Structures are given as C-alpha cells and as structure tokens.
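Chains as they are written, first to last, in the working numbering: chain A, 5 to 213; chain B, 5 to 213. Think of the CB as a built atom: it goes at the ideal place given N, C-alpha and C, for glycine as much as any other residue. Keep in mind it's a predicted model, so treat the numbers as computed, not measured.
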DNA sequence: GTCTATATCCCGATAGAC
DNA sequence: GTCTATCGGGATATAGAC
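Structure representation (structure tokens):
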C-alpha cells in the first residue's frame, strides 16, 4: 500500500533500486580511481548516503566488488554481441575480429567506469570470487580467439602468429587506455580506436601479395 | 671495529643493506600481487623479519613505495640505454624504435616484480610522490616519442599516425603483460616479444611500395 | 530505507629490551 | 639491527531510533 514495490515491475524504479544504483555507480567510479581498498565511507558519501546505509543494500565490500565486476562483464558481452550483430552477411572473418576489437575499445574508452574498475580490480581479487570472474574473462577470451582462428583459417592473417598471445597483447593495449586516456578536445575516443585498429589490424593481417 | 661498515664499500654488503634489499624485493613482489594496500606485516614476513624491524629501514609504507617505484624506473632507463647503445651505427630510426620496445618488454617480461609493481601502483598514488614519479614517466615517454618522430621524419612510418597515441597503445600492451604472462615451457619471454614486434612494427611501419 | 551512535577489529607505528 | 609488546587511529560493521 504505502510503498511502490507493487508497481516496480511496470516502469518506475523503486526508491531502493535507485539508491542501490547510485551506490554502484559511485563504487565503480572510486574503484576505478583508487582501487580495491577504497574507503566504503567515501563510496557512501559519493552516492549521497551515510555509511551505515550501505549495509542495507550490500553485505560489505566484496558484495559491492562482485556486483561491479559482474556488471562490467555483462555490458562488455552485450556490446560485443551488438557489434557483431550489426555486421552485414558479407562480413569477412577479419571484419568480425575488427568488430570485436571495436566493442572492447568502446567499453574501455566510453562506458569506462565499470570497465576500468574491472580492469584494475580483477587482477587483485582472489579466492572464490576470482574463480567466478575468471571464468567470464576466459569465455570472452575464447570468443575472440575463435574469431581470430576463423580469420586465420581463410588466410586473412599473417602466417606465424601465436593467436592467444596476440589476443592478450591487443586486449592489454585496450585495457590500459583506462589508465591514461581521458576524453578531450584533441582526441576523441573514435580517434584512439582508429589508431588502435590501424596498428593492430595492419600488424596482424596477411600482406597483400 | 666490531661491525663491517668500514669495508662495505669494498665488496661485501653490510647486513643492514642486505636486509633492506630483502625487504624491497618482498615489497615489490607483494605490491605486484596485491597492490598498494598490502599489509606491511605481510611484507615483513615475506622478507623474513618482524613487522617492527621494517621501521628501522623505512619510514613507512610510502617510503617503501617510493623506493620500489624509483628502482623500477631506474632499471628501465638503464635497460633502454643499453639496448640503444648496442645498436650498430648503421641502425635506422626504426631500428631504434624497435630497440626501445624490446627494452621495455624485457623489463616487463623478465625483471618483472619491480616493473609490474610500478605498473600497478603508479596509477593510484597521488600528491607529491605522484608528481615526482610522473616526471620520470614523462621523460621516458618523450624519449620514445622522439624515436618515433625520427622514424616518421625519414619516412619509415605509415602516414596518418598519431604518435603519442600509438606510443601509449603499445606501452599499454607491454605493461599489461605483467597481468597475464608467466614464463612457461610453451612461451618464452622472447617469443612474446617476437609477437609484439610483429604486431606493432608491421602495424606502424610504412608499406613497401 | 536511512539515519546516528557505537562496538569491534585491524593495522600502522612506536617504545624499549636485548 | 632485530625483537616483543603495546598504543592509538581509523575503518568496517552493527544496533536501534526514526
């Protein structure tokens, strides 16, 4: 009666859900900037609530971390699927590799808070949580590897490449953009993606004979 | 008389110096694995001393961080200078770019603890210490940029590259190896460097006409 | 759901014996 | 130089009012 839970499935978002979201956004931003050990009090303040209130929405730091990392990978997967789906039927395997690289780079350069938080925090978590997220990272890696293998199979790649290594190298270049790139007048995210594609694709594709 | 300070400049290393070194190595290893907020008690234990003893050698966490980051950059600079010095006089500007990339990659893939700690920790420090280390990073970046510009000036680079962006992209690929690469039977550091050089150099060099 | 107040714990840092 | 013991600050997490 007095609360909105009855209608939350319709369109509006319950107050609770909204606050929870603000906390997650703040957490992503601060994890990104300060790493795993950020003070929860700072997260609370950035979200406009008091420290104690965090615990109504999350069990503690690791619960928060878990959620931020999950959302990051979810967004990434969606973005990759979307880029691939937009390709015309005539797209070659190398076009599909290109699309995947663009998707990854867009995440890192534009949606960046969750993505950059993921980049910075995933490497230092451990235990059960690590195992769980590791699997998602693996799956993403395997998708890209499959795309590379298809391109190789049809002769679009330079001979002699070690595909898993190549994959980690360009994913590293992308991940690292979170540490140095900030949007500005001189360089748009698109211009960085363009340079990335030039270097990586011309570096790995078979020379025209 | 009773201690070794009198002779420490000759050849032997004083006990103090040796312990200090063990602490630094342990710190580099743990900063690398767990990031800035590692517990100093863990560092002490890894170095084989008790927590209290740390404070005889270092003022506190930031003193330790400062030293680890400084050593990392020192080793890197040395390594770059050495690779460049080994080049024959006939080396082209692009050869010099290649040498610099190899030096950076060697640091990341082989000497890795200090280098990887630097990679992980530099982005999250702030204040006066950040400013100091930022300058060293800048200087290193400018050196590489200069090498790239020389290669561009003599027409060895593909037209249309944004050199600072290209630099950050391949340095990112290198930095990120610290997060995934571990030496093993299948892939030597050299083999990773070979793949890196293939992708980056063939990606940026001017096509043969 | 969110607040205030507080209990609890952990860790960095110091003091002082050896 | 290194240890043991301990102090004090600060952050997490909880209890309970509103």
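query: Residue 34 of chain A, DSSP secondary structure in three states; result: helix
query: Residue 214 of chain B and residue 160 of chain B closer than 8 Å at C-beta; result: The structure shown does not extend to residue 214 of chain B, since chain B spans only 5 to 213, so no value can be given for it.
query: Simplified DSSP assignment, three categories, for residue 165 of chain A; result: coil
query: Members of the region 113-140 of chain B near chain A, C-beta cut-off 7 Å; result: 127, 128
query: Inter-residue Cα distance where the pair is residue 92 of chain A and residue 25 of chain B; result: 59 Å
query: Nonlocal neighbours in the same chain, by C-beta distance under 8 Å from residue 106 of chain A, ignoring five residues either side; result: 87, 197, 201
query: Proximal residues of chain A, C-beta to C-beta of residue 208 of chain B below 9 Å; result: 202, 203, 206, 207
query: Boundaries of the alpha helix (DSSP H) in which residue 65 of chain A is found, first to last residue; result: 65-89
query: C-alpha distance - residue 180 of chain A paired with residue 81 of chain B, whole-angstrom precision; result: 21 Å
query: Closer than 7 Å at the beta carbon, the chain B residues around residue 159 of chain A; result: Result: empty, since nearest Cβ-Cβ is about 17 Å, beyond 7 Å.
query: Length of the line joining the Cα atoms of residue 94 of chain A and residue 62 of chain A; result: 47 Å
query: Minimum Cβ-Cβ distance from residue 60 of chain B to chain A less than 8 Å; result: no
query: Close-in-space but distant-in-sequence residues of the same chain around residue 100 of chain B (CB under 8 Å, 5 per side omitted); result: 88, 91, 151, 154, 155
query: CB contact below 8 Å: residue 39 of chain B versus chain A; result: yes
query: C-beta neighbour in chain B for residue 153 of chain A, strict 8 Å; result: no
query: Residue 132 of chain A burial status per 10 Å Cβ neighbour count (16 or more: buried); result: exposed
query: Those residues which DSSP pairs with residue 209 of chain A across a bridge; result: A:161
query: Own chain partners of residue 54 of chain A with C-beta closer than 7 Å, once the 5 adjacent residues on each side are dropped; result: 48
query: Inter-stretch contact at 8 Å, needing at least 3 Cβ pairs: the region 173-190 of chain B / the region 174-188 of chain A; result: yes
query: N- and C-terminal bounds of the alpha helix (DSSP H) containing residue 48 of chain B; result: 44-51
query: Beta carbon proximity, residue 8 of chain A to chain B, threshold 8 Å; result: Only weak support exists for where residue 8 of chain A lies, its pLDDT of 47 falling under 50; the coordinates are left without a value.
query: Span separating the alpha-carbon of residue 30 of chain A from that of residue 189 of chain B; result: 43 Å
query: Beta carbon proximity, residue 12 of chain A to chain B, threshold 8 Å; result: Note that residue 12 of chain A scores 48 on pLDDT, short of 50, meaning its location in the model is unreliable and no value can be drawn from it.
query: Nonlocal neighbours in the same chain, by C-beta distance under 7 Å from residue 103 of chain A, ignoring five residues either side; result: 87, 88, 91
query: Positions along the region 166-190 of chain A whose CB lies within less than 8 Å of some CB in chain B; result: 166, 169, 170, 172, 173, 174, 175, 176, 177, 178, 179, 180, 181, 183, 184, 185
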